[in-house]
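Numbering (the working numbering), first residue to last: 8 to 486.
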């Protein structure tokens with residue numbers, strides 16, 4: 008049985024299909040139609056809800072795309088929908104601000120925007136336009152009414168930041184801690200959603216059921232369910248295993264659990280490598296980053312996965328587990344062919360290890376896509392090197408979008424390794440990239456464009472290392 012809080016009441020459910028999404032359950036089972044379905048793929052934000060979790064003595068509020076969030080993941084949490092915000096016929100501050108600023112046109116996207124504004128309201132104590140833009144990056148308005156929505160985000164703080172959720176917080180935390188402790192499973196006929204609580208339990212389940220589908224954030228499996236109508240017989244959720252969500256700063260490495268989310272991981276990694284800040288801010292949307300995991304990004308093995316080029320450039324390793332056996336594998340050896348990895352049956356990614364380095368390396372990451380927010384890369388480059396007496400050492404150059412797997416450019420690395428740091432060396436590496444990769448045409452970019460991008464991004468990295476960095480971006484020329 009899965010138990011969670013909805014509208015201030017404990018809500019328990021058992022006999023539903025394991026692939027049931029939060030959106031379908033809200034609309035089709037409970038008749039709560041305020042949450043809309045726009046794309047069913049986690050892109051448009053019309054289905055945005057907020058999920059709150061107890062964190063010591065406070066609640067942590069995060070937006071989520073209900074269309075790709077599976078119902079079983081709600082166990083032990085509070086689900087907040089647009090119907091829950093008002094009290095005693097009084098609109099919440101974020102709702103009233105939308106009204107006052109005329110932030111709704113056709114209205115279909117409005118509930119999703121309201122929920123993103125509500126989450127922003129709970130996480131920030133004062134208005135900041137840049138933070139608002141980031142919070143709303145996963146919500147699309149097809150009437151193009153963004154300015155009044157942003158104005159609403161600023162004005163919703165005018166009457167203070169306290170609301171009924173603050174008043175009820177201690178009671179909510181007490182209710183969450185008092186939820187049933189039995190196994191949070193969903194079972195219907197022979198199909199099941201299960202939530203192991205330990206690594207050993209997870210390993211045993213996968214040994215017994217090697218074809219089970221692992222679920223961490225669900226941003227990929229959710230698409231299989233909504234777009235391809237996948238009906239897994241067994242879904243195993245890893246997000247409740249403490250060892251799978253842990254993030255540790257160890258002596259020489261960052262240790263990241265296989266189910267740790269982008270939102271939780273990014274502060275630590277960005278503090279060490281600031282260039283990752285922009286990449287994380289452009290990786291999906293806030294809703295996606297709140298759910299998606301680096302471990303899932305690795306396991307899905309997409310050639311355009313955003314985190315894989317930087318992980319390759321940083322010489323990341325994986326700890327893989329099958330039963331009681333563990334093995335450590337370099338990430339560069341994990342990807343075999345398109346969507347084929349070195350994972351064995353019943354094996355899973357327990358953790359990712361990223362060497363910290365000594366701080367002397369030059370490291371940059373560039374992502375090129377059609378949109379700034381919530382878009383997939385055409386090409387992504389991650390580059391790392393060290394300079395010793397103007398000689399390039401420990402060169403790593405990794406690309407996404409140029410091959411059937413995310414891949415290091417060994418030829419370009421060899422063209423730079425041990426050579427002087429000068430333009431002619433970079434030009435040699437650019438030529439090597441053209442010879443090593445044969446990209447394809449698709450809806451995101453042509454092969455010629457990708458090849459040109461790959462070379463030009465290398466040169467951009469060189470310019471950024473030798474010149475004023477502030478004039479290398481289109482956005483640097485925007486007011």
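Yeah, the Cβ is synthetic: ideal placement off N, Cα and C, and Gly gets one too.
Identify whether residue i lies in helix, strand or coil by the three-state DSSP scheme.
{"i": "residue 472", "result": "helix"}
{"i": "residue 201", "result": "strand"}
{"i": "residue 36", "result": "helix"}
{"i": "residue 337", "result": "strand"}
{"i": "residue 72", "result": "strand"}
{"i": "residue 161", "result": "helix"}
{"i": "residue 28", "result": "strand"}
{"i": "residue 451", "result": "coil"}
{"i": "residue 137", "result": "helix"}
{"i": "residue 486", "result": "Low confidence applies to residue 486: its pLDDT is 47, below 50, so where it sits in the model is not reliable enough to give any reading."}
{"i": "residue 414", "result": "strand"}
{"i": "residue 438", "result": "helix"}
{"i": "residue 183", "result": "helix"}
So who's on the other strand from residue i, going by DSSP bridges?
{"i": "residue 300", "result": "268"}
{"i": "residue 407", "result": "387"}
{"i": "residue 62", "result": "65"}
{"i": "residue 16", "result": "13"}
{"i": "residue 207", "result": "According to DSSP, which records beta bridges pairwise, residue 207 is partnered with nothing at all."}
{"i": "residue 255", "result": "262"}
{"i": "residue 356", "result": "327"}
{"i": "residue 232", "result": "Answer is none; residue 232 lacks a bridge partner."}
{"i": "residue 124", "result": "Its beta-bridge partners do not exist; DSSP assigns none."}
{"i": "residue 85", "result": "12 and 59"}
{"i": "residue 427", "result": "398"}
{"i": "residue 457", "result": "Answer is none; residue 457 lacks a bridge partner."}
Express the C-alpha separation of residue j and residue i in angstroms, rounding to a whole number.
{"i": "residue 60", "j": "residue 172", "result": "13 Å"}
{"i": "residue 374", "j": "residue 18", "result": "42 Å"}
{"i": "residue 394", "j": "residue 421", "result": "15 Å"}
{"i": "residue 145", "j": "residue 29", "result": "18 Å"}
{"i": "residue 322", "j": "residue 444", "result": "21 Å"}
{"i": "residue 129", "j": "residue 166", "result": "14 Å"}
{"i": "residue 56", "j": "residue 218", "result": "31 Å"}
{"i": "residue 398", "j": "residue 392", "result": "10 Å"}
{"i": "residue 97", "j": "residue 88", "result": "16 Å"}
{"i": "residue 74", "j": "residue 428", "result": "49 Å"}
{"i": "residue 486", "j": "residue 409", "result": "In this prediction, residue 486 has a pLDDT of 47, which is less than 50 and means its spatial position is unreliable; nothing more can be read from the coordinates."}
{"i": "residue 99", "j": "residue 14", "result": "14 Å"}
{"i": "residue 184", "j": "residue 352", "result": "36 Å"}
{"i": "residue 448", "j": "residue 383", "result": "15 Å"}
{"i": "residue 264", "j": "residue 332", "result": "17 Å"}
{"i": "residue 458", "j": "residue 441", "result": "6 Å"}
{"i": "residue 468", "j": "residue 155", "result": "38 Å"}
{"i": "residue 491", "j": "residue 464", "result": "This structure cannot speak to residue 491, because the chain is shown only from 8 to 486."}
{"i": "residue 281", "j": "residue 20", "result": "43 Å"}
By Cβ distance below 8 Å, which residues in the same chain neighbour residue i in space, the five residues on each side in sequence not counted?
{"i": "residue 378", "result": "none"}
{"i": "residue 206", "result": "248, 250, 251, 328 and 357"}
{"i": "residue 368", "result": "391, 392, 393 and 401"}
Spatial neighbours of residue i within its chain, please: C-beta separation below 6 Å, excluding the five flanking residues on both sides.
{"i": "residue 488", "result": "Any answer about residue 488 is impossible in this case: the structure gives the chain only from 8 up to 486."}
{"i": "residue 72", "result": "49, 54 and 294"}
{"i": "residue 306", "result": "356"}
{"i": "residue 389", "result": "316, 317, 320, 372 and 405"}
Beta-carbon within less than 7 Å of residue i's beta-carbon, same chain only, minus the 5 sequence neighbours each way: which residues are those?
{"i": "residue 354", "result": "327, 328 and 329"}
{"i": "residue 68", "result": "57, 59, 126, 129 and 130"}
{"i": "residue 336", "result": "324, 325, 327 and 349"}
**Request:** Decide yes or no for the touch test of the region 41-49 against the region 265-278: beta carbon pairs closer than 8 Å, at least 3 of them.
**Result:** no
**Request:** Flag this pair as touching only if the region 257-267 and the region 33-41 have three or more C-beta atom pairs under 8 Å; answer yes or no.
**Result:** no
**Asked** Between the region 400-408 and the region 427-434, do three or more beta carbon pairs fall short of 8 Å?
**Response** no
**Request:** Would you check if the region 125-137 and the region 158-165 touch, i.e. whether three or more CB-CB distances between them fall below 8 Å?
**Result:** yes
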